[in-house]
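Worksheet: one structure, shown below.
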Amino acid sequence: LQSYALKTGQARGSPVVVNAPLRQLELSFDGSRLLATGSPGATTKVFAADSLKLIGEFQPAQGSGVVWAAFVPASEQIALVTNSLDLRSDGASLVFWNPAEHNYNAAHSLRRVWPVGVAITMTGPFVAGRNQEFLKAGTGRAPTLAQPSRTPAPATRWA
Numbered sequence: 002l003q004s005y006a007l008k009t010g011q012a013r014g015s016p017v018v019v020n021a022p023l024r025q026l027e028l029s030f031d032g033s034r035l036l037a038t039g040s041p042g043a044t045t046k047v048f049a050a051d052s053l054k055l056i057g058e059f060q061p062a063q064g065s066g067v068v069w070a071a072f073v074p075a076s077e078q079i080a081l082v083t084n085s086l087d088l089r090s091d092g093a094s095l096v097f098w099n100p101a102e103h104n105y106n107a108a109h110s111l112r113r114v115w116p117v118g119v120a121i122t123m124t125g126p127f128v129a130g131r132n133q134e135f136l137k138a139g140t141g142r143a144p145t146l147a148q149p150s151r152t153p154a155p156a157t158r159w160a
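When you line the sequence shown up against the working numbering, it's residues 2 to 160, in that order.
Here is the structure:
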């Protein structure tokens, strides 16, 4: 990775080598941080966007990996969705991580979700899954959303 000044086009700081194929590269809302997630099992890293100085690294638990991550607005935290590397397992979690303080808050178990991504909404984190979705509401409750119907839409006739 290399950072460049937009006005001058000059390189800023030294390049950074990421040792795994990148799955996700995301800029924070204020443009100050850069999030990089790699292949399953690899560390997720957060860099200062202007200098590419490493702010923090998240190493998933043994046997799991980060599926997707999202910056939490007006916060230093990042929401991470992790899952077991054994896709037959039901071991997904939603974790809130503060890379500057090198700590994370309690993980929320995501049973039967098999996540593919996470987005931050006005209500809270929304986890998209292969079988169902999950919304962590700001009330502290964690309801899952109803399973969408798999029945095909009725045919429409045009007059």
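Even glycine gets a Cβ: it sits at the ideal position worked out from N, Cα and C.
Can you tell me whether Q25 is helix, strand or coil according to DSSP?
Reduced to three states, the DSSP call for Q25 is strand.
Beta-ladder partner(s) of K46, from DSSP: K46 is bridged to A37, E58.
*With G32 and A50 assumed to form a contact (beta carbons below 8 Å), what rounded beta-carbon distance in angstroms separates them?*
Correct: roughly 6 Å between the Cβ atoms.
Locate the beta strand (DSSP E) running through W98, then write down its first and last residues. Its beta strand (DSSP E) spans residues 93-99.
Q: Could you check the C-alpha separation between P74 and S90 for me, to the nearest Å?
A: Between the alpha carbons of P74 and S90 lies a gap of roughly 31 Å.
Q) Under three-state DSSP, which class holds R13? A) In the structure shown, R13 sits in a strand (DSSP, three-state: E or B).
Coarse secondary structure for S85, derived from DSSP in three states = DSSP places S85 within a strand segment (E or B) once states are collapsed to three.
Within a Cβ cutoff of 6 Å, which residues of the same chain sit near P100, ignoring the five residues on either side of it in sequence? Closer than 6 Å at Cβ, skipping near neighbours: V47, I56, G57.
Review point. Between the Cα of P41 and the Cα atoms of I79, L23, A120, E77, which residue gives the shortest distance?
Key: Comparing Cα-Cα distances from P41 to each of I79, L23, A120, E77, the minimum goes to L23.
* Asked: So who's on the other strand from L111, going by DSSP bridges?
  -> Its beta-bridge partners are A93.
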